[in-house]
Structures are given as C-alpha cells and as structure tokens.
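Accompanying notes for the structure given below.
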C-alpha cells in the first residue's frame with residue numbers, strides 16, 4: 001500500500017525551530033493566499049477553497065511572547081475571514097477574525113494583515129475560516145512553543161506530529177450548505193472523515209491519500225491533535241498503544257493515561273505515546289461520537305503509525321474505538337481532565353461570581369413557505385435565534401454606530417420548563433435578533449449552559465472567543481442552582497476555550513472578563529451556528545487606555 005510519511009515535515013519543523021525561535025521574542029510573518037485549488041479524494045476531483053493550495057493549510061509556528069503577522073490575500077470567489085482559534089487577542093479583537101462580529105470579511109481581491117502578540121499562551125491551537133461553511137477546507141494548526149529555555153512540564157518527547165482531524169464532502173461544501181438552507185433541512189453529512197486531509201485506506205481510491213508517520217521503537221512522540229470537523233465530535237485511538245494526555249486547548253493538564261480520547265470540534269488535545277509495541281504497522285483511527293437519535297457520518301478515518309524498517313506490505317491493525325453512543329466513556333474521559341495547578345501554571349479560578357447567566361440550548365422549527373416542508377430548522381440560546389448583522393459588532397461598538405445590535409440578551413431563559421424532560425416539539429416564543437450581553441470590565445462571570453429536549457437533546461461544544469474559561473461543573477439532567485454548585489471543582493478544574501455540554505445535561509464555566517471587546521460565543525457545530533445558536537459578549541473598557549480596546553488597523557475591511 002502506498003503511504004505518505006511525515007519525515008520531511010518533521011525535518012522542516014526542526015529546521016524552522018532552529019532558524020526562527022531565538023532567545024528573545026521574534027516577529028513571525030506569514031503569507032496566506034486564499035485560492036481555489038483542484039483536490040481529489042474518494043475517486044472525486046473538485047475545486048475547493050484552500051490556503052496556499054494545501055489541505056489542510058500551513059501550520060503557524062511561534063513561541064510564547066512572539067508577534068505574528070499574517071497577510072491574508074483573498075483570491076477566492078467568496079468573501080471570508082480567518083479566526084485564530086484559542087488565541088486570546090488581548091484588547092485586540094480586530095485580529096480575532098469572525099466575520100461580522102469583529103470585522104467585515106475580506107472581499108475578493110483584497111488583503112488584510114492579522115497582527116497579534118502571543119502572550120501567556122503555549123501549546124496547540126488552530127486557525128480556520130469563520131464565515132459560511134468555508135472552514136471545511138480552510139483550516140490549519142498553530143503550534144506555540146514555550147519560551148526559550150522553558151521545558152515542557154512532562155517528559156520531553158523525541159519528536160512531535162500534528163494531526164488535524166476533519167471532514168470531506170465529494171460535493172462543493174458551500175452548495176451543500178445552500179441546498180440544506182433552501183430546503184429548511186440539515187445539509188447532507190460528509191462523505192468521510194480525514195486525518196491531515198486524508199481519509200485513509202478504508203475508503204476507495206485512498207491508498208495514496210493515507211497519512212503515515214514513521215516511528216522508532218522505544219521513542220516517545222507528542223501528538224498534537226486538532227478536531228477541525230464541522231459537525232462531529234470524534235473518538236481517536238491508536239491500536240495496541242495508550243495515550244498520556246498532557247494538554248488540551250493549549251493548557252497543560254494533570255497527566256493521565258487512556259486508550260482513546262474524545263475531542264469535539266474546536267478542541268485540541270496533546271498526548272504522549274511511546275512506541276513500545278512489537279514493531280509493525282498500527283492504525284490511528286477517528287470515528288464520530290453521537291449519543292442522541294441524530295444521524296452522523298459514522299465512517300472511520302485512519303492513518304498509520306509505522307515502525308521503522310517494517311515493509312508497507314504488512315497490514316495495519318485497527319484499534320478498538322468506543323461505541324458510537326458510549327456516553328459513559330465520554331463522561332468518564334471528561335471528568336479526568338484537570339488543570340496542572342502548579343506555582344508556575346496556576347488555576348486562577350474565580351471563587352466569587354459577580355454575574356450569573358443560565359443559557360438554554362434549544363432547537364426549533366419556524367415557518368418557511370419556500371422550504372420543502374414549509375418549515376425551517378432553527379437553534380437558539382434562551383429562546384433567541386441570533387441574526388448576523390451586516391456591520392461588524394466590534395466596529396459598531398468602537399465607532400458608536402447605532403442600530404446594529406441591542407445589548408439586552410437575557411441572563412436567563414424567559415420561560416422556565418423541565419428542560420430535559422419529555423421531548424417538546426413546540427417553540428417557546430423563539431425570537432430572532434442581534435441581541436448581545438454587556439459585561440462590566442474585570443467582573444467575574446459564571447455561565448451555566450443547559451441542554452434541552454426541544455426537538456431533541458444533543459451534545460453541544462461551545463467556544464468563547466477572546467478567553468479561556470474554567471469548567472467548574474457538569475451534570476446530566478437539569479441544573480439545580482441550590483445543590484449543584486456545592487459539587488463544583490474550584491481547585492483544579494480544566495481550563496479551555498471550547499467545552500462540550502453533555503447530551504441532556506449542563507456545564508458550568510467561569511472566567512474573569514478582563515479582555516475588553518466584543519467576543520463571539522457559539523456552538524462549534526457549524527450546522528447549529530448557522531441556525532442561530534450563538535450570541536456575543538460586549539466586555540466594556542476598563543479605566544485607562546491600558547485596559548481599553550486598541551485602535552483598529554488602517555486596513556480593516558469594510559462591509
């Protein structure tokens with residue numbers, strides 16, 4: 001079987017680190033050409049939007065403390081923007097990237113420079129398009145190394161590898177999305193999952209579209225795993241080997257071993273794996289997790305963990321992945337994630353809360369005379385389905401442009417009910433609008449995200465731009481404000497930027513609102529984001545210019 005090894009990539013990474021990671025902070029510059037490229041997978045060739053012709057796109061390498069400038073030139077037919085997922089962008093929402101939230105999209109034929117500092121962060125993050133469904137093909141990794149001379153707080157690996165999990169559609173993804181919207185139904189699911197853009201040999205015409213990494217017996221490898229899939233949470237495992245989880249969402253964790261990981265769209269996970277088995281060829285495999293009565297792409301993507309000197313004629317062994325609906329594994333795995341909480345890497349959990357929010361997740365059906373069944377599926381937070389503005393929220397806030405949004409998003413649902421009881425098919429007075437929540441600078445915030453059984457319960461990964469947060473609690477059923485806070489972990493809760501709300505359950509997060517700007521908060525299932533499962537937080541300026549939003553760049557795109 002023909003495979004593609006990653007040796008050149010590793011050598012390139014080592015050379016890059018050697019030439020561009022000096023003792024002091026450096027300026028890293030990248031050029032992103034967004035263009036249409038011809039790509040073939042699963043016996044289907046198509047034109048699709050890429051960055052620099054790659055699928056996935058280029059990996060951004062930097063060190064903690066570096067300044068990064070990325071000039072994005074848009075040669076594609078779609079206006080678009082790019083989000084640097086997980087980078088906090090302190091006071092600098094202009095570089096965050098979600099279209100119509102912090103900027104207007106970059107129009108065809110134009111360029112925009114994303115200019116930001118990497119401050120107080122190190123680890124694995126990623127970047128992706130943040131408009132329409134373009135992130136299906138426009139995405140890549142961000143690798144932030146610790147400051148020079150600062151070791152990892154875990155055994156030094158012999159080598160690293162980036163593994164980006166994604167999805168592939170044989171058809172044009174934008175047309176798939178448009179067709180679903182026109183019918184008022186979910187768009188067609190993907191035709192394959194991918195690992196570094198390749199589905200693996202279990203799919204037709206895919207022998208040459210298989211990612212492989214060569215390993216040596218006795219050595220330890222750091223795998224930087226990213227879930228860039230549009231709509232699927234994924235299990236990931238390696239046959240006959242165990243993982244030691246050491247980092248998620250660019251935050252170090254208390255290490256623990258596991259046979260498989262669960263990773264939601266938007267999340268990253270770093271694991272150590274030791275090549276300690278009989279030399280051979282072993283499959284790494286990714287497959288969807290779904291514990292609700294909802295259809296997903298259940299096909300398995302594979303890549304190869306190949307010991308040096310083993311011929312390619314040896315058939316790789318498949319790992320045993322958890323069952324597709326294994327809720328127990330999902331809950332157990334997430335409960336093991338804890339912050340390192342050491343003097344060097346403390347968990348500064350807010351112990352007192354200034355602002356409490358309860359956000360209910362709901363699916364609904366609205367009238368649509370032109371749709372197939374006369375209805376359209378929608379999604380909402382606190383019964384509000386968010387409408388994207390035509391002027392970016394941050395620009396309208398900074399320049400005091402009226403009529404773009406209203407700062408009256410409710411702190412709790414207007415109609416309490418048995419959120420996770422029997423399925424409900426009726427909308428509970430779902431409203432539409434561009435309603436956001438205003439938060440005082442430096443206040444402490446707790447958000448309880450509650451799943452509901454409006455149409456169906458489902459797991460939802462929520463991402464907060466501009467911040468990390470602490471996951472202080474989670475549970476199944478309805479959140480009980482009198483009993484559940486007593487069970488919170490306020491000592492070493494995991495810190496991250498994207499969290500999964502369990503099916504038919506709730507998750508509580510806390511953060512300090514010390515980053516002024518307008519920050520998107522949304523489900524990272526692209527299907528639900530498009531249906532309106534999103535809002536934004538307007539964090540007010542603090543006292544003085546050092547605690548206020550930075551002035552916008554001169555080349556800021558206009559709508």
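In the UniProt record's numbering, the protein residues as written are 1 to 559.
Glycine included, C-beta positions come from ideal geometry on N, C-alpha and C.
None of the values given here were measured: they were computed from a predicted structure.
Write down every uninterrupted run of the beta strand (DSSP E) in the UniProt domain "Plastocyanin-like" (161-309) whose length is 3 residues or greater and which is fully enclosed by it, in chain order. Counting only runs of 3 or more, we get 192-195, 212-215, 220-227, 233-238, 243-248, 251-258, 260-263, 268-274, 281-289, 301-307.
Quick check on the DSSP output: the beta strand (DSSP E) that includes residue 417 runs from which residue to which? For residue 417, there is no enclosing beta strand (DSSP E), as DSSP marks it with neither H nor E.
For the beta strand (DSSP E) holding residue 96, just list the boundary residues, first then last. Segment: none, residue 96 is in no beta strand (DSSP E) and carries neither H nor E.
Around the Cβ of residue 323, are there at least 16 other Cβ atoms within 10 angstroms (buried) or fewer (exposed)? Label assigned to residue 323: exposed.
Taking the beta strand (DSSP E) that residue 446 belongs to, which residues open and close that run? For residue 446, the enclosing beta strand (DSSP E) stretches over residues 444-451.
Taking C-alpha atoms, which residue in 235, 209, 288, 126 lies nearest to residue 190? Selection 235, 209, 288, 126 evaluated against residue 190 yields 288 as nearest (Cα-Cα).
Taking only the alpha-carbon atoms, compute the straight-line gap between residue 46 and residue 199 and give it to the nearest angstrom. Approximately 16 Å, taken between the alpha carbons.
Please look up how many angstroms separate the CB atoms of residue 166 and residue 139, rounded, as I've assumed it's under 8 Å. Separation of the CB atoms of residue 166 and residue 139 is rounded to 7 Å, and the pair is thereby assigned contact status at 8 Å.
Exposed or buried, what is residue 203 when buried is set at 16 or more other beta-carbons lying within 10 Å of its beta-carbon? So residue 203 ends up on the buried side.
Answer with buried or exposed for residue 402, where buried requires no fewer than 16 other C-beta atoms within 10 angstroms of its C-beta. So residue 402 counts as exposed.
Expressed to the nearest angstrom, what Euclidean distance is found between the alpha-carbon atoms of residue 467 and residue 270? Roughly 20 Å between the two C-alpha positions.
Three-state secondary structure (DSSP) at residue 91? Coil at residue 91, not helix or strand.
Which of helix, strand or coil does DSSP assign to residue 121? Residue 121 falls in the coil class under three-state DSSP.
Report the three-state DSSP secondary structure of residue 334 (helix, strand or coil). The answer is helix: DSSP assigns residue 334 an H, G or I state.
Beta-carbon within less than 8 Å of residue 398's beta-carbon, same chain only, minus the 5 sequence neighbours each way: which residues are those? If you ignore the 5 residues before and after residue 398, its C-beta comes within less than 8 Å of the C-beta of 549, 552, all in its own chain and listed in chain order.
Quick one: give me the first and last residue of the alpha helix (DSSP H) that residue 506 is part of. Careful: residue 506 lies outside any alpha helix (DSSP H), inside the beta strand (DSSP E) at 505-512.
Rounded to the nearest angstrom, how far is the Cβ of residue 453 from that of residue 423, given a contact under 8 Å? That belief holds up - the Cβ atoms of residue 453 and residue 423 are roughly 5 Å apart, short of 8 Å.
Pull the bridge partners of residue 523 from the DSSP assignment, please. Beta bridge pairing from DSSP links residue 523 with 462.
With a CB to CB cut of under 6 Å and the five nearest residues on each side skipped, what residues in its chain are close to residue 378? For residue 378, where only same-chain residues beyond five positions count, the Cβ hits under 6 Å are 364, 366, 385, 531, 532.
In DSSP terms, what residue 431 is bridged to: Under DSSP, residue 431 takes part in a beta bridge, and its partners are 384.
Could you check how far apart the C-beta atoms of residue 360 and residue 450 are, in whole angstroms? I think they sit under 8 Å. Between residue 450 and residue 360 the Cβ distance is about 5 Å, and since that is below 8 Å, they are a contact.
Report the CB separation of residue 201 from residue 210 in whole angstroms; it is logged as a contact under 8 Å. Indeed, because the Cβ distance is near 5 Å, the residues count as touching under 8 Å.
Entirely enclosed beta strand (DSSP E) segments - the segment 325-375, minimum 3 residues: Within the segment 325-375, the runs of beta strand (DSSP E) at least 3 residues long that lie entirely inside it are, in chain order, 355-367.
Rounded to the nearest angstrom, how far is the Cβ of residue 436 from that of residue 405, given a contact under 8 Å? Indeed, because the Cβ distance is near 5 Å, the residues count as touching under 8 Å.
Leaving out five residues on either side along the sequence, give the residues of the same chain with a beta carbon under 6 Å from the beta carbon of residue 409. Closer than 6 Å at the Cβ level, and outside the excluded window around residue 409, lie 435, 436, 437, 535.
Check whether the Cβ atoms of residue 494 and residue 248 sit closer than 8 Å, and answer yes or no. Cβ atoms of residue 494 and residue 248: closer than 8 Å.
In this structure, how does DSSP classify residue 487 when only helix, strand and coil are distinguished? The answer is helix: DSSP assigns residue 487 an H, G or I state.
At which residues does the alpha helix (DSSP H) containing residue 395 begin and terminate? For residue 395, the uninterrupted alpha helix (DSSP H) segment begins and ends at 393-398.
Could you say which of 538, 471, 504, 207 lies nearest to residue 516 if we only look at CA atoms? Considering only alpha carbons, the answer is 538.
By how many angstroms is the C-alpha of residue 132 removed from the C-alpha of residue 180? Whole-angstrom Cα-Cα distance: 13 Å.
Decide yes or no for the touch test of the segment 87-105 against the segment 47-63: beta carbon pairs closer than 8 Å, at least 3 of them. The segment 87-105 vs the segment 47-63: no contact.
Could you check the C-alpha separation between residue 21 and residue 157 for me, to the nearest Å? Model confidence at residue 21 stands at a pLDDT of 41, short of 50, so the residue's coordinates are unreliable; what they give is reported in the following sentence. Roughly 18 Å separates the two Cα atoms.
Closest Cα partner of residue 279 within the set 68, 500, 310, 542: It is 310.
Examine the Cβ distances between the segment 107-124 and the segment 212-220 and report whether three or more of them are shorter than 8 Å. Verdict: no, contact absent.
Considering only their Cβ atoms, is the gap separating residue 275 from residue 184 smaller than 8 Å? Going by C-beta atoms, residue 184 is not nearer than 8 Å to residue 275.
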